[in-house]
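Colleague: Can you read through this structure? Questions will come right after.
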Amino acid sequence: MRKTQSHNQHFLFLKDQVAAYQSQAKQGFKDKHPRATQWLEKRQLDVGKIRQQSQRLLTGATLSSLLLLAAPQAPSPLPQATEQRRLARVYLISAQDIKSRLAEALALLVPARVGHPDPDNEIQVSQVIEENLGIKVKFELEGQRLNHSLGYIGYEQHLARFPGDSVRLHDEWPEAEMAGGLGAWGYFANSAAELTPKLEAMEKYYAVVQTLYLPTWQKDLKSLRDWYKYRKVLVINVQTGAAVVAAIGDAGPANWTGKQFGGSPEVMHSLGLGSSHKGKVLLLFVDDPTDQVPLGPVKAPAQLGPPQEV
Amino acid sequence: MKIFYDEIIQIGELMTHIQHLEIDTQEKEELANLVDETVHHEMVSVILTHLPEEYHEEFLERFQARPHDESLLAYLKAKIEGIEEKLATAGAEIREKFKAILQSRTS
């Protein structure tokens, strides 16, 4: 017991020392490179997390693989074979391979009908997604479950982010035009000046889900509204495996439309549904309590691009 | 995920030091994480310090998209004279700092 405590104290001491150096390095970076810092912040990128972000997005590999960089003679308590296989995948599997493999795996697990996969397959579906995209997803999160996880998504219009917003001020897809009303949560910001990059990304990559048909929506309106507001979801085109992380930004579509979800123009184009305006998708909650998963298209090694505006 | 400058700065040596510490595996991983994050801040800072500002965005865009891509080094070599030596020198300094920290003990 004494030995354990002593080890723990040693670890805490080292951690403090390293953390102090880290903090100094971060501040030094900010002071020396304010423009680069601003560029990174606008995209919610952290230079320090470059290895983690890429790794997590691509393979779901954990940081334990970092220790594999140690010299070969070092004794490793890690399951090296597994980790090395994971690392190998980072280099050997292309973006298209990952998409195709995800689509193939999902085809075996998700039914043609609208609704949910068989309960026995839900865990497997989540595992397949985490394995391929490195994103932890849940059919039910914190007791919340949508009426559908599988359904048709339709092309939505841009939402007004602040009073006076117009389609000219949106980066892409002006032909989508502006929605007539506000999103379910109102404006994203009170003014253009208050629109942070994070809020901008929430509108850019917003999803529409049928909260209005949830069985307890009316009864628990206040708490459910707070829970669903900008809740992160992963949307996957089940035909192609293309995936995008979106924030719930509006309620709908109405049942009579035959669609169960909606996506912003950017979401739909990321899914490869920009022309068809409709497609079959799987939509699941992203289990991301520390807000690490960026909004935007999930890209794979060969094409990993900037997670725009997040 | 390998980073293009891993070998120049010999990150493996630092990870070996962490591997040899008498602490739990989870704690080693936590330290490795902190060390890694610090290294990236320091190394990218060195790169940006020497790279003309007009190329900063382009480099950051390429780097965050394909941090493993060895063509990044060729890109930097074309724009900064002696960048490899500069990175190696910075890497050695960072390694020494970390080694001193990792070898230190509470009094």
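In order, the protein sequences belong to chains A and B. Be aware that the first sequence starts at 12, since it is given in the numbering used here, and climbs by one per residue. Be aware that the second sequence starts at 115, since it is given in the numbering used here, and climbs by one per residue. For every residue, glycine included, the Cβ atom is placed at its ideal position computed from N, Cα and C. Just so we're clear, the structure is a prediction, and the values are computed from it rather than from any experiment.
#1: I'd like the list of long-range same chain contacts for Ile197(B), defined as Cβ closer than 7 Å, with 5 residues on each side in sequence excluded.
#2: With 7 Å as the threshold, decide whether the Cβ of Ile146(A) is near any Cβ in chain B.
#3: Mapping the DSSP letters down to three states, classify Asn248(A) as helix, strand or coil.
#4: Does the Cβ of Gly191(A) have 16 or more other Cβ atoms within 10 Å, making it buried, or fewer, making it exposed?
#5: Judging by CA-CA distance, which residue of Gln138(A), Met213(A), Pro276(A), Ser177(A) is the nearest neighbour of Lys240(A)?
#6: Please specify which runs of the beta strand (DSSP E), each continuous and at least 3 residues long, are wholly inside the stretch 124–187 of chain A, giving them in chain order.
#7: Determine which residues share a DSSP beta bridge with Pro308(A) and list them.
#8: Grouping DSSP H, G and I as helix and E and B as strand, with all else coil, what is Lys270(A)?
#9: Could you check the C-alpha separation between Val101(A) and Gln49(A) for me, to the nearest Å?
#10: What are the residues that DSSP puts in a beta bridge with Met189(A)?
#11: From which residue to which residue does the beta strand (DSSP E) around Tyr217(A) run?
#12: Could you please give the first and the last residue of the uninterrupted alpha helix (DSSP H) stretch that includes Phe173(B)?
#13: With DSSP collapsed to three states, give me the class of Val160(B).
#14: Do the CB positions of Val220(A) and Ile259(A) come within less than 7 Å of each other?
#15: Short of 6 Å in beta carbon distance, which residues of its chain neighbour Leu51(A), apart from the five on each side in sequence? Order them along the chain.
#16: So if DSSP puts Val1(A) in a beta bridge, which residue, or which two residues, is it bridged to?
#17: When you compare the CB positions of His155(B) and Phe40(A), do they come within less than 7 Å of one another, or not?
#18: Tell me the rounded alpha-carbon separation between Glu167(B) and Leu135(B).
#19: If distances are taken between C-alpha atoms only, which option among Gly252(A), Ser286(A), His288(A) comes closest to Ala116(A)?
#20: Would you mind sorting Asp27(A) into buried or exposed? The rule is 16 or more other CB atoms within 10 Å of its CB.
#21: Taking only the alpha-carbon atoms, compute the straight-line gap between Tyr119(B) and Leu306(A) and give it to the nearest angstrom.
#22: Measuring CA to CA, which of Ala254(A), Val278(A), Arg172(A) is closest to Ile146(A)?
#23: Which same chain residues end up closer than 8 Å to Lys193(B) when comparing Cβ atoms and leaving out the 5 residues on each side of it in sequence?
#24: I want to see whether chain B comes within less than 7 Å of Lys110(A), judged by CB atoms only; does it?
#25: To the nearest angstrom, how far is it from the Cα of Gly274(A) to the Cα of His169(A)?
#26: Is Lys215(A) near Asp299(A), with beta carbons less than 7 Å apart?
#27: Would you verify that the beta carbon of Gly59(A) is, or is not, closer than 7 Å to some beta carbon of chain B?
#28: Quick one: residues in its chain with C-beta nearer than 8 Å to the C-beta of His159(A), no 5 flanking neighbours on either side, listed in chain order?
#29: Is DSSP giving Gln20(A) helix, strand or coil here?
#30: Can you grab the Cα-Cα spacing for the pair Asp231(A) / Ala195(A), in whole Å?
#31: So with CB distances below 8 Å, who are the chain B contacts of Gly283(A)?
#32: Give me the Cβ distance between Ile123(B) and Gly205(B), rounded to the nearest whole Å; I'm assuming they're in contact under 8 Å.
#33: What does His280(A) touch in chain B if you count any residue whose Cβ is under 9 Å from its own?
#34: Which residues, in order along the stretch 148–172 of chain B, keep a beta-carbon less than 8 Å from a beta-carbon of chain A?
#35: Measure from the alpha carbon of Thr268(A) to the alpha carbon of each residue in Gly59(A), Lys310(A), Glu167(A), then state which is nearest.
Modeller: Concretely, from the data shown:
#1: On the second sequence, position 83 is the one that residue 197(B) refers to. Around Ile197(B): His164, Leu190, Lys191.
#2: On the first sequence, residue 146(A) is found 135 positions in, with the first residue counted as 1. Judged by the 7 Å Cβ criterion, Ile146(A) is not in contact with chain B.
#3: Working through the first sequence from its first residue, we reach residue 248(A) at position 237. Correct three-state label for Asn248(A): strand.
#4: The count along the first sequence starts at 1 and reaches residue 191(A) at position 180. That one is exposed.
#5: Residue 240(A) sits at position 229 when you count from the first residue of the first sequence. Closest by alpha carbon: Met213(A).
#6: If only uninterrupted beta strand (DSSP E) runs of at least 3 residues are considered, those enclosed by the stretch 124–187 of chain A are 161–166.
#7: Looking up residue 308(A) in the first sequence gives position 297. DSSP output for Pro308(A) lists Val255(A) as bridge partner(s).
#8: Residue mapping note: residue 270(A) aligns to position 259 of the first sequence, counting from 1. Looking at Lys270(A) - three-state DSSP - the assignment turns out to be coil, as it is neither helix nor strand.
#9: Start at 1 with the first residue of the first sequence, and residue 101(A) comes out as number 90. Start at 1 with the first residue of the first sequence, and residue 49(A) comes out as number 38. Note that Val101(A) scores a pLDDT of 41, beneath 50, so its modelled location is shaky and nothing firm can be said.
#10: What you label residue 189(A) is simply residue 178 of the first sequence in a count that begins at 1. Per DSSP, His169(A).
#11: Translated into positions along the first sequence, residue 217(A) becomes position 206. Residues 217–220.
#12: Here residue 173(B) is taken as the residue at index 59 of the second sequence, counted from 1. Segment 170–179, the alpha helix (DSSP H) holding Phe173(B).
#13: For this step, residue 160(B) is matched to residue 46 along the second sequence. If DSSP states are grouped into helix, strand and coil, Val160(B) belongs with the helices.
#14: Taking the first residue of the first sequence as 1, we reach residue 220(A) at position 209. Taking the first residue of the first sequence as 1, we reach residue 259(A) at position 248. Cβ distance < 7 Å, so Val220(A) and Ile259(A) count as in contact.
#15: For the purposes of this step, residue 51(A) is taken as the residue at position 40 of the first sequence. Once the five neighbours on either side are set aside, Leu51(A) has no close Cβ partner at all.
#16: Because chain A is modelled from 12 through 321, residue 1(A) falls outside the range shown and cannot be assessed.
#17: Here residue 155(B) refers to the residue found at position 41 of the second sequence. Here residue 40(A) refers to the residue found at position 29 of the first sequence. Yes, they are a contact pair.
#18: Residue numbering aside, residue 167(B) sits at position 53 when the second sequence is read from its first letter. Residue numbering aside, residue 135(B) sits at position 21 when the second sequence is read from its first letter. Computed Cα separation, rounded: 40 Å.
#19: What you label residue 116(A) is simply residue 105 of the first sequence in a count that begins at 1. The shortest C-alpha separation from Ala116(A) is found at Gly252(A).
#20: In the first sequence, residue 27(A) corresponds to position 16, counting from 1. Asp27(A) comes out exposed.
#21: Translated into positions along the second sequence, residue 119(B) becomes position 5. Translated into positions along the first sequence, residue 306(A) becomes position 295. Those two C-alpha atoms are separated by around 28 Å.
#22: In the first sequence, residue 146(A) corresponds to position 135, counting from 1. Of the candidates Ala254(A), Val278(A), Arg172(A), the one whose C-alpha sits nearest the C-alpha of Ile146(A) is Ala254(A).
#23: As a working note, residue 193(B) is residue 79 in the second sequence. Excluding positions up to five away in sequence, the list reads Leu165, Pro166, Tyr169.
#24: Translated into positions along the first sequence, residue 110(A) becomes position 99. With 7 Å as the cut-off, Lys110(A) does not count as an interface residue toward chain B.
#25: Here residue 274(A) refers to the residue found at position 263 of the first sequence. Here residue 169(A) refers to the residue found at position 158 of the first sequence. Whole-angstrom Cα-Cα distance: 10 Å.
#26: Locating residue 215(A) in the first sequence gives position 204, where the first residue counts as 1. Locating residue 299(A) in the first sequence gives position 288, where the first residue counts as 1. For the 7 Å CB-CB criterion, Lys215(A) and Asp299(A) do not form a contact.
#27: In the first sequence, residue 59(A) corresponds to position 48, counting from 1. Yes, Gly59(A) counts as interfacial toward chain B.
#28: Numbered from its first residue, the first sequence carries residue 159(A) at position 148. Closer than 8 Å at the Cβ level, and outside the excluded window around His159(A), lie Val125, Gly126, His127, Gln221, Gln271, Phe272, Leu294.
#29: As a first step, residue 20(A) must be located in the first sequence, where it is residue number 9. Helix.
#30: Translated into the one-based positions of the first sequence, residue 231(A) becomes position 220. Translated into the one-based positions of the first sequence, residue 195(A) becomes position 184. Between the alpha carbons of Asp231(A) and Ala195(A) lies a gap of roughly 16 Å.
#31: Taking the first sequence and counting its residues from 1, one reaches residue 283(A) at position 272. Those within 8 Å of Gly283(A) in chain B number zero; the least Cβ separation is about 20 Å.
#32: In the second sequence, residue 123(B) corresponds to position 9, counting from 1. In the second sequence, residue 205(B) corresponds to position 91, counting from 1. Right, the Cβ-Cβ distance comes to about 3 Å (below 8 Å), so this counts as a contact.
#33: In the first sequence, counting from the first residue as 1, residue 280(A) sits at position 269. Chain B residues near His280(A): none, gap ~19 Å exceeds 9 Å.
#34: Leu148, Val149, Asp150, Glu151, Thr152, His154, His155, Glu156, Val158, Ser159, Leu162, Thr163, Glu167, His170, Glu171
#35: Counting from one through the first sequence, the residue named residue 268(A) turns up at place 257. Considering only alpha carbons, the answer is Glu167(A).
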